[in-house]
Every structure is written in structure tokens, then in C-alpha cells.
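In order, the protein sequences belong to chains Y and F. So the mapping is simple: my numbering equals the position in the first sequence, first residue as 1, plus 268. So the mapping is simple: my numbering equals the position in the second sequence, first residue as 1, plus 7. We put the CB at the ideal spot given by N, CA and C, even for glycine. These numbers come from a predicted model, not from an experiment. Beneath this line is the structure, given in C-alpha cells, with notes to follow.
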Amino acid sequence: EVQLVESGGGWVQPGGSLRLSCAPSGFTFNTYAMHWVRQAPGKGLEFVSSISSNGVTTYYANSVKGRFTISRDNSKNILYLQMGSLRAEDMSVYYCVRDIGGLRWSFAFDYWGQGTLVTVSS
Amino acid sequence: QSALTQPPSASGSPGQSVTISCTGTSSDVGDYNLVSWYQQHPGKAPKLMIYEVSKRPSGVPDRFSGSKSGNTASLTVSGLQAEDEADYYCSSYAGSNSVIFGGGTKLTVL
């Protein structure tokens, strides 16, 4: 059974940093592109960042470019999202998601974690 | 990039069909066959229902179907059931390795 388990969310002051982690299981992690998607309370979904299966290629939404860094450790089966210079508008539930395309980008997300809440407030 | 446009709400009676639209531009929906649809029940993570315009992931009932015409994609739910009541979001690849989502449609089963 495919599972994605996020951790690392919590409360942080504006300007602060936080690192989210995602532990996948039930599939061969290094053969899938992965993404982070967020959802502000009561709002819609927003794409945040993507990383290729081998970790070489990364992409970011304009809203987080230069502040967030996505990475993965295929030897440890873990996905990260390092978030810096956090703003009130970054407050959201952050989901770790798998790309259905496997090695090729499909930008469709077939498995989602339960989400981890990031609260940015003074 | 602006969000894709979805109607805020849609409704239908059990057994009926309902179609939800998702309008983008020639730079996203109109340019790529990479439109997806997600179902989200309250307090739950989204679930992929349709990808690449009209493909259904394993386990998704064939009551759910997707299509696209020009800059508008559509999700049709046939034979509505009570458990179909949820929020539905569309998404599209928008070039430059980015994805945009629609604002969501709340589907009510009357």
C-alpha cells in the first residue's frame, strides 16, 4: 500500500524557517517525481514545488521561488521542503504528493499524504 | 498565471448527471492534455479522479469522466450518489513546469 507521511509542520514567526519531511512507503521512491502542494485554511489548492525522480531537476511556484528548497534523499527514502523567510500567506496545510507519471512528468498527483499544518503568526 | 475558473457550486439529484467546467487559457488547458480532476471530502486529502484529460486511475468508478474542448475542460459525474458530494478541483500543466488549480466547485447531491 502506498503511503506518504509528512512531518515537520508547526508554528513559526514571520521571517522564520521550517523544514518539512515526507516519508514514502509502498512503492519504489526513486522512480517517481514528487511534489508539494498546499492548501490555506478554507481555500483551494496551490502547487508549490516539484522534483524529478533523481533529484536533479526542481521547479517552484513563483510565490515561493528563492525562499523554499525541495530536495530528496533516495538512499533514505525521504522528501524534504526547506521553507525560509516565511510569510503569513504561507500558512497552509502542506501535502506531499506523488506524480502518477513515474519517471516522466505528468503533473497529476495520484497519492497524497495526510498533510502537515504550517502556521505563520507573530 | 491566474487560477483556472470553476463554478463555485453545482448540484444534482441521485441518479442524475452533473458536469463541472474548468476554463483556462490557450497557455494551459488549451495547450496541454495534462488536465486533472481531484475530489476532496471535508477534512480529507484530495483524491485524483481524472488525469491527462480523460484517464481514470485504478479504482475510480467509470461514473466519472473527463473531456476537453479548446480552453475548457469538463468533469462529468453520472449516476450521482450521496458519496459524490464533495469539493472538486481541476488542475492543468501551465508550461514552465508549473501547475495551476481551479478555485474549486462544491458539488451537492440533493
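Is there a C-beta anywhere in chain Y that falls below 8 Å from the one on residue 60(F)?
For residue 60(F), the nearest beta carbon of chain Y is not closer than 8 Å to its own beta carbon.
Cβ atoms of residue 319(Y) and residue 338(Y): under 8 Å apart, would you say?
yes
Is residue 101(F) helix, strand or coil when you go by DSSP?
coil
Within 8 Å of any Cβ in chain Y, is that where the Cβ of residue 72(F) sits?
no
How about residue 354(Y) and residue 280(Y): do their beta carbons lie closer than 8 Å?
yes
Quick one: which chain F residues come within Cβ less than 7 Å of residue 378(Y)?
55 and 64
I want to see whether chain Y comes within less than 8 Å of residue 114(F), judged by CB atoms only; does it?
So, not an interface residue.
Using only CA atoms, which one of 11(F), 114(F) and 115(F) lies nearest to residue 313(Y)?
Out of 11(F), 114(F) and 115(F), the CA that lies nearest to the CA of residue 313(Y) is found in 11(F).
Measure the C-alpha to C-alpha separation of residue 47(F) and residue 343(Y) and round it to an integer number of angstroms.
Straight-line Cα distance between these residues: approximately 33 Å.
Find the residues of chain Y that neighbour residue 93(F), judging by a C-beta separation of less than 7 Å, and give them in chain order.
Contact of residue 93(F) with chain Y by beta-carbon distance below 7 Å is absent, the smallest such distance being about 13 Å.
Relative to the alpha-carbon of residue 61(F), which residue among 101(F), 108(F) and 82(F) has its alpha-carbon at the smallest distance?
82(F)
Who are the Cβ neighbours of residue 383(Y) in its own chain at under 6 Å, not counting the five residues just before and after it?
361 and 363
Could you tell me which residues DSSP puts in a beta bridge with residue 12(F)?
30(F)
Whole angstroms are fine: how far does the CA of residue 116(F) sit from the CA of residue 89(F)?
Distance between the alpha carbons of residue 89(F) and residue 116(F): 6 Å.
What separation, rounded to the nearest whole angstrom, lies between the Cα atoms of residue 26(F) and residue 114(F)?
Their backbone Cα atoms lie some 10 Å apart in a straight line.
For residue 323(Y), which residues of its own chain have a beta-carbon under 6 Å away from its beta-carbon, when the five flanking residues on both sides are left out?
340
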